[in-house]
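Colleague:
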Amino acid sequence: MGTLRDLSASPSASTLLDLLGRRASARGDQRLYTFLDDAGGEEGALSYGELQLRARRIATALQGLSPGERVVLLYPPGLEYVAGFFGCLHAGLVAVPAYPPDPSRLERTLPRLLAIIRDARATAVLTTSFILGMGEFLFEQAPDLKELRWVATDELPAGLEADWREPDVGPGSLAFLQYTSGSTGTPKGVMLSHRNLLHNLELISYAFRAHRESVGVIWLPPYHDMGLIGGILEPLFVGFPVVLMSPMTFLKRPQRWLEAVSRYRGTISGGPNFAFELCTRRIPEAERNALDLSSWEVAFCGAEPIRSETLDRFVSAFGARGFRRQRFYPCYGLAEGTLIVSGGEPGQELVLRTVEDAALQRARVEQVPADRTGGRVVVGCGRTLPDQQVLIVHPEARTRCAEDEVGEIWVSGPSVALGYWQRPEETERTFQARLADGGTETYLRTGDLGFMLQGELFVAGRRKDLIILRGRNLYPQDLELTVEQCHPAMRPGCGAAFSVEVGGEERLVVVQELDTRQSADPAQVLGAMRQALSEGHEVQPHALVLIEPGSIPKTSSGKIQRHACKAGFLEGELRTVLAWRETDAAVEPELEARAPEPEARLETLEELESWLRVQLAARLRVPAGEVDGAEPITRLGLDSMAAVELTHDIEKTLGLLLPMEALLQGPSLSELARRLWAQRGGASAGAALPLQRRTWEGAPPLSFAQQRLWFLDQLEPGSPAYNIPAAVWLEGALDAEALERCFREVVRRHEALRTVFPQHEGTPSQHILPELVLSLARVDLEALPEAGREVEALRQAREEARRPFVLASGPLLRVTLLRLDTHRHLLVTVMHHIVSDGWSMGVLIREVAALYAAFRDGRASPLPPLPVQYSDYAGWQREVLGGNVLEAQLAWWRE
393 MGTLRDLSAS PSASTLLDLL GRRASARGDQ RLYTFLDDAG GEEGALSYGE LQLRARRIAT
453 ALQGLSPGER VVLLYPPGLE YVAGFFGCLH AGLVAVPAYP PDPSRLERTL PRLLAIIRDA
513 RATAVLTTSF ILGMGEFLFE QAPDLKELRW VATDELPAGL EADWREPDVG PGSLAFLQYT
573 SGSTGTPKGV MLSHRNLLHN LELISYAFRA HRESVGVIWL PPYHDMGLIG GILEPLFVGF
633 PVVLMSPMTF LKRPQRWLEA VSRYRGTISG GPNFAFELCT RRIPEAERNA LDLSSWEVAF
693 CGAEPIRSET LDRFVSAFGA RGFRRQRFYP CYGLAEGTLI VSGGEPGQEL VLRTVEDAAL
753 QRARVEQVPA DRTGGRVVVG CGRTLPDQQV LIVHPEARTR CAEDEVGEIW VSGPSVALGY
813 WQRPEETERT FQARLADGGT ETYLRTGDLG FMLQGELFVA GRRKDLIILR GRNLYPQDLE
873 LTVEQCHPAM RPGCGAAFSV EVGGEERLVV VQELDTRQSA DPAQVLGAMR QALSEGHEVQ
933 PHALVLIEPG SIPKTSSGKI QRHACKAGFL EGELRTVLAW RETDAAVEPE LEARAPEPEA
993 RLETLEELES WLRVQLAARL RVPAGEVDGA EPITRLGLDS MAAVELTHDI EKTLGLLLPM
1053 EALLQGPSLS ELARRLWAQR GGASAGAALP LQRRTWEGAP PLSFAQQRLW FLDQLEPGSP
1113 AYNIPAAVWL EGALDAEALE RCFREVVRRH EALRTVFPQH EGTPSQHILP ELVLSLARVD
1173 LEALPEAGRE VEALRQAREE ARRPFVLASG PLLRVTLLRL DTHRHLLVTV MHHIVSDGWS
1233 MGVLIREVAA LYAAFRDGRA SPLPPLPVQY SDYAGWQREV LGGNVLEAQL AWWRE
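If you use the working numbering, the sequence shown corresponds to residues 393 to 1287, in order.
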């Protein structure tokens, strides 16, 4: 195609720093980013000028690092993440976006973070004060993290930006590393320069016909290319406002996305295919009626196979609310190409073709009538965009394919990334491919298969074995290893994971050889497979097949032939010992169509458990009779999406908040029912399940971690290294007396907060005080000049965070209220790590907030006893302080 047209009136910036500088100079006070909370309210906003100021402040704090060093961004989705990203750029450093590890499942989420840090050779971490408060806990699990420089960007003092020095950054400078999804052991960082980014941003503005009157609405994860480049950088490039929200907000309540499009009159928004499918299934008719989607101009769809059936269902569901089919914008792209590669003309009809599926398997394109049996409808992903070249190439012969042939998609142009960080051989193999005709032009090998019909690109599948489930990239070898290790009856190296299409959706199948010499029950082995996949990868399989020893297809060199295994599964030719397959997927939409049962009807614990069994079975697509109340629910294959949906059902029907993590940790159905029953406080026709705790003769023993912390305190008495602080700004009128009562009530509820650690003859023990009257320390700063109050408040907060505790006598919780004026306070809470941890602080703040609302309104406490049955004191302490997690802080988007 020709050259790019300047539709965005973007300044001729050479770097992202230059771009932000020009925008801030021209429209400094105009709002650029607005971030929404879980309820859809505005949590915060940043103008062009505020973003530049914050970026320079952060950059100044990083000026001790050498140019080009890598800095990990460890933030929840939000404006602090945006500021941290631009802070790196303004310091001449290379940003490395990453998502924080989930403390409840560190064994799964921490290894990927550590692998990224090691591969990038990062030297610093930017984060929030809340996450930094969890630092000591993370350092215990991964001591290498302590060697990095940690900066909490939300605590940097105003005025620091005055010392900012502009770095030596040019168009070819490395801006950030985009780590690709997949195997935790081998992450690959795609190197993106300022030139790559600016060129691709201009391609996007050209493709979407974006302009300054556009309005973006984005829920996509800011750690990935579509969310960061398309959702955060593109609005800055063109100069239009964007509304952002956490991906977990969307997953829990998909209507929040469409409500934001409606309320803010969004014109550009989108996501993977599964996002549109989720809206169709999860947003009931009553909530659709309040939407007005007539402003939506570009509903981009990419990142995974696009299903025409999904698009049809979305139009059918929301067409009456102003959405038009022509607003769909299918496109194709990948991280190695920065982001977008191809796209169509906004407002045009979808380009659909029906081709014979069997022919596609033979790499041939044969168009057939739409009603032909064996036909497959494929959605066009647009045409090659300006300054780019897209070819369809025979992967082995490296020659161009004819129009009726399927080949690998190759791309060249200024948007193609520099390569993989510190991987020269893979860079040469993937980014420097050449055609066999001897030409000098180099291409990016995408690994995706496709074909061109009259200039329109159609993506047919993947040459590589990558599996995409609901927008998540999964490597089959990771899934196969998990299955192989889940039971001793599995034959090593004799499994295959692949995907099949079911009801217009990609689903997982795993085939595994069973060692029949083992006296294992095949049904139990299948249950172990489902549980391992759920707990290890948060995926729900469509089918699991145990086959006879020696029967899995392999090459002559012993490699698993996944495609042959898939063909054997589809044709029923595997030598099967026992197989499990989910029930008809239609059960789930039927469940969605029913109104939730009123809470009043669940009047006994048995009724609650029965209701949960039906909900869980529908989410997992299994008969309700298969849900054993004593087995871990993860044994049925619970994945993260099903967990989110089930917690939504529980909240909507029972009015109870249950963290998604509580489900993925694998409680049994009966345990879950008892927990929820006690959380409700029982119903009119039954009594609440009593809280059972183990009784101790004498003092409870210290856990191993507590022994370690006590020993370190003996070496350096009163050291603040294990203090866990949190500071919260409070706006508006405040009743300090009520706040103090709240903290006292929380201390009364939780024995761990009344625990001290005296010693006898050099041996420590835990002693739970029968009563501890906590005092709220109050400091009035109103006498100071207004300009200096915040600085003094932050100074005193830091001092309070470092003040030592006395473990033997306690208390091991302190609360200080710093008053700046009648309507502005800073609440500082500090706990010692021996009775708490980073996410426990979230529990404390949540309970105090709920109690404060109750005390202020003159109501009784709304918080029932915690519903846990404990086998040991340490487990009880972890559950009380760590089990009811503050979901908004810990529910990160996960790969």
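Backbone N, C-alpha and C define an ideal beta-carbon position, used for all residues, glycine too.
From a predicted model like this one, the values you see are computed outputs, not experimental measurements.
Among residues of its own chain, excluding the 5 on either side of E1132, which ones have a beta-carbon nearer than 6 Å to its beta-carbon?
Modeller: Closer than 6 Å at Cβ, skipping near neighbours: L1168.
Colleague: Straight-line CA distance for T672 to H1040?
Modeller: T672 and H1040: Cα-Cα distance of roughly 16 Å.
Colleague: Helix or strand or just coil, what does DSSP make of I1116?
Modeller: Correct three-state label for I1116: strand.
Colleague: Mind checking whether V488 and L569 have CB atoms under 7 Å apart?
Modeller: In this structure, L569 lies closer than 7 Å to V488 by Cβ.
Colleague: Helix, strand or coil, according to DSSP, for I784 in the structure here?
Modeller: Residue state, collapsed to three classes: strand.
Colleague: Considering only the alpha carbon of each residue, which of L836, Y440, Y721 and A599 lies closest to Q781?
Modeller: It is L836.
Colleague: Work out the CA separation of G622 and Q1353 for me, nearest whole Å.
Modeller: This structure does not reach residue 1353, given that the chain is present from 393 up to 1287, and the question cannot be answered.
Colleague: Rounded to whole angstroms, what's the CA-CA distance from S406 to A475? Just pull it up for me.
Modeller: Roughly 20 Å between the two C-alpha positions.
Colleague: Can you tell me which of the three DSSP states S891 falls into?
Modeller: Looking at S891 - three-state DSSP - the assignment turns out to be strand.
Colleague: Distance check for L970 and L962, CA to CA, integer angstroms please.
Modeller: In a straight line, the C-alpha of L962 is about 16 Å away from that of L970.
Colleague: Which residues in the same chain as L918 place their Cβ atom closer than 6 Å to its Cβ, once the five residues preceding and following it in sequence are excluded?
Modeller: Same-chain partners within the cutoff: L936 and W972.
Colleague: Can you tell me the Cβ-Cβ gap for C773 and I784, rounded? I've got them flagged as a contact below 8 Å.
Modeller: That belief does not hold up - the Cβ atoms of C773 and I784 are roughly 13 Å apart, past 8 Å.
Colleague: Does DSSP put V803 in a helix, a strand or coil?
Modeller: V803 falls in the strand class under three-state DSSP.
Colleague: To the nearest angstrom, how far is the alpha carbon of L871 from that of P493?
Modeller: So the alpha carbons of these two residues sit roughly 20 Å apart.
Colleague: Establish whether the CB of E1137 and some CB of chain B are separated by less than 7 Å.
Modeller: The displayed structure is made up of one protein chain only, and chain B is not part of it.
Colleague: Is D976 helix, strand or coil by DSSP?
Modeller: Because the pLDDT of D976 is 45, which lies under 50, any placement of that residue in the model is unreliable, and the number read from its coordinates should be weighed accordingly. Coil, per DSSP.
Colleague: Taking 7 Å as the limit between beta carbons, can you name the residues of its chain near W1121, skipping five residues before and five after?
Modeller: Answer for W1121: L1218, listed in chain order.
Colleague: Suppose contacts are defined by Cβ-Cβ distances below 7 Å. Is H591 in contact with S807 by that definition?
Modeller: Cβ distance < 7 Å, so H591 and S807 count as in contact.
Colleague: Could you say which of L906, F890, G847 and R648 lies nearest to E876 if we only look at CA atoms?
Modeller: Among L906, F890, G847 and R648, the Cα nearest to that of E876 belongs to L906.
Colleague: Only counting the same chain, and skipping five residues up and downstream in sequence, which positions put a Cβ closer than 6 Å to that of D617?
Modeller: Same-chain partners within the cutoff: Q570, A727 and L731.
Colleague: Among A1200, A1113 and R1170, which one has its Cα closest to the Cα of H1152?
Modeller: Per the Cα distances, A1200.
Colleague: Leaving aside the five residues before and after V743 along the sequence, list all residues of the same chain whose C-beta is less than 6 Å from its C-beta, in chain order.
Modeller: Excluding sequence neighbours, V743 sits near G772 and E848.
Colleague: Consult DSSP for A405 and reduce its assignment to one of helix, strand or coil.
Modeller: It is coil, neither helix nor strand.
Colleague: Sort out for me which residues DSSP pairs F720 with in a bridge.
Modeller: According to DSSP, which records beta bridges pairwise, F720 is partnered with A691.
Colleague: Quick one, which of G631, A667, V653 and E651 has its alpha-carbon nearest P639's?
Modeller: It is A667 whose Cα lies nearest to the Cα of P639.
Colleague: Can you list, in chain order, the residues of its chain whose CB lies under 7 Å from that of L409, leaving out five sequence neighbours each side?
Modeller: Excluding residues within five positions, the ones whose Cβ falls inside 7 Å are L481, H482 and V561.
Colleague: When the Cα of A376 is compared with those of V894, T519 and D1213, which residue comes out closest?
Modeller: There is no way to answer for residue 376, as the model of the chain reaches only from 393 to 1287.
Colleague: At which residues does the alpha helix (DSSP H) containing A727 begin and terminate?
Modeller: Neither: A727 is in no alpha helix (DSSP H) and is coded neither H nor E.
Colleague: State the Cα-Cα distance for the pair S891 and G964, rounded to the nearest angstrom.
Modeller: When rounded, the distance between both Cα atoms is 16 Å.
Colleague: For Q759, does the three-state DSSP call read helix, strand or coil?
Modeller: Note: Q759 maps to strand in three-state DSSP.
Colleague: With the cut-off set at 7 Å, would you say G926 and L1061 are in Cβ contact?
Modeller: Rather than Gly, the amino acid found at residue 926 in this sequence is Ser. Their beta carbons are not under 7 Å apart, which means S926 does not touch L1061 by this criterion.
Colleague: Runs of 4 residues minimum, wholly inside the stretch 568-601: which ones carry the alpha helix (DSSP H) assignment?
Modeller: Segments of the alpha helix (DSSP H) lying fully in the stretch 568-601: 586-600.
Colleague: What span of residues does the beta strand (DSSP E) with M844 cover, start to end?
Modeller: Segment L836 to L845, the beta strand (DSSP E) holding M844.
Colleague: Report the residue from E1023, G619 and A1065 whose alpha carbon sits nearest the alpha carbon of E995.
Modeller: The shortest Cα separation from E995 among E1023, G619 and A1065 belongs to A1065.
Colleague: Does the beta-carbon of D388 have 16 or more other beta-carbons within 10 angstroms, so that it is buried, or is it exposed?
Modeller: Since the first and last residues shown for the chain are 393 and 1287, residue 388 lies out of range.
Colleague: Touching or not, the stretch 447-461 and the stretch 426-435, by the rule of three or more beta carbon pairs under 8 Å?
Modeller: The stretch 447-461 vs the stretch 426-435: no contact.
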